[in-house]
Structures are given as structure tokens and as C-alpha cells.
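Engineer: In order, the protein sequence lines correspond to chains A and B. Just so it is clear: in the first sequence, position 31 is 31 by the working numbering, and no numbers are missing. Just add 1000 to the spot in the second sequence (first one is 1) and you have the working numbering. Where a beta carbon is used, it is the ideal one built from N, C-alpha and C, also for glycine. Next up is a structure, given as C-alpha cells.
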Amino acid sequence: MRPAMQFVDISNRFDSKITVTNGKTSVDGKSIMQMSMLAATCGTKLKIRAEGADAENAAAALQELVENRHFDEPLP
Amino acid sequence: MEIKKGIAVSPGISIAKSMVIDSEDYRIPYRAIEPGQRTNEIRRLRKAFSDAIDELTQLEETHKNKGSQIKDIFAVHQRFLHDRSLQKKIADTIRTELVTAEYAISNTFREIASHFADEKDAYISERAADIYDIARRVLKQLLGKKREEIGQLKEEVIIVARELSPIQTASFDKKFVKGITSDAGGRTSHAAIVARSLGIPAVVALEDFSTIVNEDDSVIVDGNRGIVIVNPDEKTIREYQEYREDFNQLGHKLNTLREKPAVTRDGANITLLGNIEFPGEAQTVLEKGGDGIGLYRTEFLYLNKTTEPTEEEHYEAYSQTIKAMQNKPVVIRTLDLGADKYTQSKRFVREPNPFLGLRSIRFCLQNIMMFKTQLRAILRASVLGNVKIMFPLITNQQELMQAKMILHDVMEDLSEEHIDYNRNMPVGIMVETPSAALTAFSLAKEVSFFSIGTNDLTQYTLAVDRSNELVSTLYSTADPAVLRLIRTVVQDAHKAQIDLSICGEVASEPEYIMLLLGMGVRTFSLASPMIPEIKQIIRSVTMTDCNKVARKILSMNSERHITSYLRNAARKILPEAF
């Protein structure tokens, strides 16, 4: 549950609408309920989409969490 | 209209609107609402979430120095409670499916959890438990509010619950709570005990009744026959109104017997005592014409709070009861808990067979400090009136000697402290196990009295758990095996010239009275509301008839024949009671 928590915490810092897709289902990247129901385990491919004024920064922050930090580090 | 049969635990008839109490520990049943209630239910939902957030924030504060794992759990719960799309999903359920907030919450979380449970990944499927935790957090807020409302009722209701806890029943106001139904429980469950002591009609062991009833449904509770009816039709309501009228009138008529003695037509004097659980009931015993208290159950002292009662709390309750009875006998039974939540909750591993486990006197002999606290209070109170002490569930002589030795130790302590007590306080035992009944002749030498507890004696003799509906039809005190044991105990008590009474449920069952009289029982201890009716029976019979009934019964070998014989014999005496 912790990765989902880290993910929505970052999403919620931005105004942009954030959508996460695993290929079959699309969910709101700001809702822990929806994110955790996406049931992404290690190795699942996720597509993250950000729309809005701060979309670029949001995408970058989420990319940092997922790709570089692999959810491992505690949040700054 | 739907009719359900359960166990009648407190007599009387009530007709009123239902107030349903769900529990966050069980599956919340489907409950429909009217469209007009939608806004209110959604408001309750929002409030429950915000209250749950407040509570969790406080909890986080108090656990702030704990490990990171617990902090992570709290953090996840917070995210869920703040999740707008989750609250919206639940609100949508209320709006479109027209259900209560409780059901919508429980159902939505269950849906989310089932999503996890389906996943093959073990880590993820275990998350289902987390989801249920969060659901309980929110439901607790809603249901807690509801329980508070019971304390502030303004109209008559019938409480319909899955199970009632001591804390819930403590706030019941007799003026507005007109009936109690519970899906779980038996005659000795907490709800039953409280209902009897308050004189509220109650039926328990109703399986799934609470899931059938919706808030404000009209409900009939028939605490005489163990029947409940939800949404009765006009005809049924009329019938029950008449039945209630008749029942109350019979009660008034019988109450006129109060001043008259319990004596058979041929002059045998019988003693009728009351069974109580609360000091306040002593008054009812006197009002109903009881000659004393034959069974003062002390479990309530332990059940209505989370900590063990202090010596003063014991003493306070006992002295209040004894003073109210003004020198009439008061038999105080020491703690008889076990085979229930109280003792089980104190264990890390539940007993696989609690009825054969660490209960009652066994529990006391292993918790001597706790036992001594109660004994001290009883001894101190013994100087205030006619007090006797009784040990429950004795199975052998050694247990009895041990209990007596501890009592003696406490006496010595009191003497050393120059605290007054009655050195000659009579000590007795409950005979409620086959082993005690079979060795009654030797146990009789060590005590001043026996009290036969027919409920446990029947259960242990026949190896039947009466609250288990799969076998409960096998439970009958009229079984020849049980009757033989009772006869043995009565005879051994007479031979040893010690007092004997019957304090099980049969003492309040009209059809058993002639048989018990014929078997030689002269003292009965029963629920005080039943005293007038039993007295009426005693005053209508002769010992000659009773002896005949007993002789006939003891020659019979089928429980069914015995039961129908008893019913016919009693019907001739007091037709209106059947």
C-alpha cells in the first residue's frame, strides 16, 4: 500500500488531472482507492498521463518516483 | 410479515417500532431507505469520515514514537479517509440504491477488498484485511452515534441487534425500550440477563433476524413463547394486543397472592426464593412475594466494566441487596463466568471446548487474588443480614475443600485486621455436574446446603449445547437420566439433613412443579416475575397428587412421554398458564 500512498501524495501536489492506465483500466492518480485497486505489482507496465497547467512538472515528479527512486526512498 | 422463533429469555409481550443496532464486527445487512432520507444518510456518511479522520489523527499523535510500520498503516488509512473519489462512490451507492450509509460503506469497502482478494499476488491479496480495517474505522463512528441515541430515546422502541454488549445495554431506559431481540445469545447471555432484570420482554438466538428487520419496521416481541414478528398484519396485531391484555390481567390477578403463603392444599409449606443479578431486583423479589434470594448471580459486577471490580464495589452491591432483604436469606453465588467472552478474551489461545474448560469455580481457583477479593466482600457483608455463600460448578471434593480453604484464609485475614464477619456463614454448593450429583452423599457432609442447577446439569448429563440449534431439541430436563440424578441429590440431601433447593430454569416452569414437589423438593429459587404463578400452582395441588405424579414419572423411560404427562397434569391445575 505504501507505493500507492507515495504516488497519490505526489499527484495531489499538482493541479493537473492525472490518469494512470495499466492497459485495461484507467484510474484517477490522485485516489488511493483507485490506485491501489489497479493492483500494480513489480514489472507491471503503467502509463501515466497528466493534463493541466503543471502537467510537465507532475509527470516529471511521478517519473522520478517510479523510475529513479523505485518507491524505495522515503518522501522528501 | 415474517415470524421467527428463538429462545424466550424475558417474559411479556411488546409491540413497537424497531430500532436496529448493527455491529462493525459483523457484516452489515442490506437496509433500504426512503428517497427522502438520502440527504440525511449522505450527511451521516460525510460526518463519519470526518470523525474517523479526527480519531485517527489523535491516534497517530499518541503513537508517534512507535515503529514506522504502524505509522505507515495509519498513513495509508488517512489517505483512504481523505480520498474524495471513495466518498463519492459511497454517496452514489446511497443515492442510486437507496440504502443506509452503514450498508453503502460496508458494501463499497467489501467490493474494494474483494478486488484484492482476487489477486494472485500474496502481498496484494493480503491488503484486503487493511481495507476492512478502514471500513471498521468509519462504521465505528456511525454505530457509536447510534448507540448514544439509545440513551436519549423519546419514543417506545424495540431494540433489534445482532449482539448486545454490556456497554450498550447499560444505557437502556425501561420507559422507552419495550423489547429486545438479539440474533446471538442464550438464556445466560448478557442481553438476556439485563432484559430480565429490567422486566423487558426479550427473545434471543434468532439467527439472522436483525438482517430481516429495517429501521422503524413494526415488531412484536413475544417473550413468553420466544416468537418475534416483523411487519405483522392487522389481524396478528389485534391478536397480540388481546394476548398482551390477557397476560397483564393474569399478572394482576396473581399479584394478589403476594401476602398468601406458598402452601399446598394438604398443608405442606414451600419456600419460594428469587434469582437476581442486580441489587435493584431485591425489591422485585419482595414485591412478588419471595421469601428471600436463593441465587444472587454476581457476574454482572465483572461484565459491566472493563476492569475487575474492587472489593468496595462488591461490598456496595451486596450490602445494598442484603439490607433490602431485611434478614430474609440471601444466597450469594461466587463468580460463575467462563465459556464466554469474558474469560476467553483474557486468553491468547481460545479454549477449544470452553464448556469443559477453565470456567466458574475452576477459573476462581486459578485466579486466587480475584477470588479472595470477592470472598472478602461477601464475608464483610455477612454481618448485615442472613447471608449464605455458594460455590458454583463443583465437580469433586477436592475443589470444594480448596474453595473452603481459601474462604478460611480470608476469614483469618479479616480476623487479624479486626474486621467483623459472620464466622458461621453457611457454605453451600451448586450441584450442576453429573459428578457432583453422583457423589452428593459425600459432598453433603462438607456443606450446609445444595442448590441444584438444572440448566448445566441437563447440558452436562445429556452432552447437549442448548444454544446450538442443531442439537438443542435433545436438551430437556425431563430426560429420565437428568431426573434420576435430581432424585439422587434430593435423597442424599435429606439423608444428610442439609437444605436443598432448585435454582435452575425448571423451578419457574409450571409443568415441572408437581414433579419436583413429589420428588421431595421444598425450596424453589426462580426469576421473581414467575413467583406468583408458581405459588398459585403450589396452592392448587396436594402432596398426595404430587407424589403420585413423581412415582409415575420415575417409572417412565421416554422424555417425550414424560413431557406430555407433565403438561397434562399441570394443565388441569392452572389452565390459563398454558
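Alpha carbon to alpha carbon, how far is K1047 of chain B from A1129 of chain B?
Structural biologist: Using only the alpha carbons, I get a separation of about 24 angstroms.
Engineer: Which residue comes first and which comes last in the alpha helix (DSSP H) that contains A1016 of chain B?
Structural biologist: Where A1016 of chain B is concerned, there is no enclosing alpha helix (DSSP H), although the beta strand (DSSP E) it sits in stretches over I1013 to I1021.
Engineer: Give me the chain A residues within the contact set of L1086 of chain B, using Cβ-Cβ distance strictly less than 9 angstroms, ordered along the chain.
Structural biologist: Per Cβ cutoff of 9 angstroms: S31, I32, M33 and Q34.
Engineer: Considering only DSSP beta bridges, list what N1386 of chain B is partnered with.
Structural biologist: Bridge partners of N1386 of chain B: B:P1329.
Engineer: Residues in the region 9-30 of chain A with C-beta within 7 angstroms of chain B's C-beta atoms, listed in sequence order?
Structural biologist: Going along the region 9-30 of chain A in chain order, one finds D28 with a Cβ nearer than 7 angstroms to chain B.
Engineer: On the DSSP letters alone, give me the boundaries of the alpha helix (DSSP H) that E1245 of chain B sits inside.
Structural biologist: First-last of the alpha helix (DSSP H) with E1245 of chain B: E1234 to N1255.
Engineer: Measure how close the beta-carbons of V20 of chain A and L46 of chain A come, nearest whole angstrom, since I'm counting them as under 8 angstroms.
Structural biologist: Contact holds; Cβ gap of about 6 angstroms.
Engineer: Grouping DSSP H, G and I as helix and E and B as strand, with all else coil, what is T1542 of chain B?
Structural biologist: It is coil, neither helix nor strand.
Engineer: Which residues in the same chain have their Cβ closer than 6 angstroms to the Cβ of Y1512 of chain B, if we skip the five residues on either side of it in sequence?
Structural biologist: Cβ neighbours of Y1512 of chain B beyond the five flanking positions: V1506.
Engineer: Please state the DSSP three-state secondary structure of D1499 of chain B.
Structural biologist: Note: D1499 of chain B maps to strand in three-state DSSP.
Engineer: Excluding sequence positions up to five away, which residues of its chain have a Cβ less than 8 angstroms from the Cβ of V1410 of chain B?
Structural biologist: These residues qualify, in order along the chain: K1372, L1375, R1376 and L1379.
Engineer: Could you tell me the distance, in whole angstroms, from the CA atom of A1101 of chain B to the CA atom of M1430 of chain B?
Structural biologist: For A1101 of chain B and M1430 of chain B, the distance between alpha carbons rounds to 49 angstroms.
Engineer: Do you know offhand how far G1357 of chain B's Cα is from V1177 of chain B's?
Structural biologist: Their Cα atoms are separated by approximately 36 angstroms.
Engineer: Among B:Y1318, B:A1268, B:L1457 and B:N1269, which one has its Cα closest to the Cα of G1280 of chain B?
Structural biologist: Out of B:Y1318, B:A1268, B:L1457 and B:N1269, B:Y1318 has the C-alpha closest to the C-alpha of G1280 of chain B.
Engineer: So, do the region 1093-1110 of chain B and the region 1026-1036 of chain B have three or more beta carbon pairs nearer to each other than 8 angstroms?
Structural biologist: Touching, per the Cβ criterion.
Engineer: Please classify M1519 of chain B: is it buried, with 16 or more other beta-carbons within 10 angstroms of its beta-carbon, or exposed?
Structural biologist: Answer is buried; the Cβ neighbour count reaches 16.
Engineer: When the cut-off is 9 angstroms and only beta carbons count, does A4 of chain A lie next to chain B?
Structural biologist: True, the Cβ-Cβ gap to chain B drops below 9 angstroms.
Engineer: Using a C-beta to C-beta distance shorter than 7 angstroms, which residues of chain A count as neighbours of A1075 of chain B?
Structural biologist: Result: M5.
Engineer: Given that a residue counts as buried once 16 or more other Cβ atoms are within 10 Å of its Cβ, and exposed if not, what is H1494 of chain B?
Structural biologist: Classification for H1494 of chain B: exposed.
Engineer: Identify the continuous alpha helix (DSSP H) that holds Y1565 of chain B and give its terminal residues.
Structural biologist: Where Y1565 of chain B is concerned, the enclosing alpha helix (DSSP H) stretches over E1559 to I1573.
Engineer: Which residues in chain A have a C-beta closer than 8 angstroms to the C-beta of R1127 of chain B? List them in chain order.
Structural biologist: The contacting residues are M1 and S36.
Engineer: Should F1000 of chain B be flagged as near chain A, meaning a C-beta pair shorter than 9 angstroms?
Structural biologist: One cannot answer for residue 1000 of chain B here, as it falls past the ends of chain B, which runs 1001 to 1578.
Engineer: Do you know offhand how far I1452 of chain B's Cα is from E1287 of chain B's?
Structural biologist: Near 25 angstroms, if we compare the C-alpha coordinates of E1287 of chain B and I1452 of chain B.
Engineer: Which residue from B:E1308, B:R1136, B:N1422 and B:R1238 puts its Cα closest to that of M1370 of chain B?
Structural biologist: M1370 of chain B has its Cα closest to that of B:E1308, out of B:E1308, B:R1136, B:N1422 and B:R1238.
Engineer: Among B:D1133, B:Q1168 and B:V1157, whose alpha-carbon lies nearest the alpha-carbon of G1144 of chain B?
Structural biologist: Answer by Cα proximity: B:Q1168.
Engineer: In the DSSP assignment, what are the bridge partners of A1268 of chain B?
Structural biologist: Note: A1268 of chain B sits in no beta bridge, so no partner.
Engineer: Give a yes or no on contact between the region 1243-1257 of chain B and the region 1532-1545 of chain B, applying the rule of three or more CB pairs nearer than 8 angstroms.
Structural biologist: Judged by Cβ distances under 8 angstroms, the region 1243-1257 of chain B makes contact with the region 1532-1545 of chain B, as three or more pairs qualify.
Engineer: Locate the beta strand (DSSP E) running through A50 of chain A, then write down its first and last residues.
Structural biologist: It spans K47 to E51 - the beta strand (DSSP E) in which A50 of chain A sits, taken as one unbroken run.
Engineer: Ends of the alpha helix (DSSP H) at V1410 of chain B?
Structural biologist: Counting along the chain, the alpha helix (DSSP H) containing V1410 of chain B begins and ends at Q1397 to E1416.
Engineer: For K1388 of chain B, count neighbouring C-beta atoms within 10 Å of its own C-beta (all shown protein chains included) and say buried if the count is 16 or more, exposed if not.
Structural biologist: So K1388 of chain B ends up on the buried side.
Engineer: Taking a Cβ distance cut-off of 7 angstroms, strictly less, list which residues of the region 1128-1153 of chain B are near chain A, in chain order.
Structural biologist: Cβ contacts with chain A: D1130.
Engineer: Is it true that the CB of L1483 of chain B sits closer than 9 angstroms to the CB of L1443 of chain B?
Structural biologist: Not in contact: L1443 of chain B and L1483 of chain B (Cβ atoms no closer than 9 angstroms).
Engineer: Is M1325 of chain B buried or exposed, if buried means 16 or more other CB atoms sit within 10 Å of its CB?
Structural biologist: Buried.
Engineer: Going along the chain, which residues of its own chain have a beta-carbon closer than 8 angstroms to the beta-carbon of L1566 of chain B, five neighbours each way excluded?
Structural biologist: The answer, listed in chain order, is A1478, E1511, Y1512, M1514, L1515, V1549 and I1553.
Engineer: Taking 6 angstroms as the limit between beta carbons, can you name the residues of its chain near N1455 of chain B, skipping five residues before and five after?
Structural biologist: Cβ neighbours of N1455 of chain B beyond the five flanking positions: G1504 and E1505.
Engineer: By alpha-carbon positions, which one of B:S1448, B:L1485 and B:F1450 ends up nearest to L1462 of chain B?
Structural biologist: Cα-wise, what sits closest to L1462 of chain B is B:L1485.
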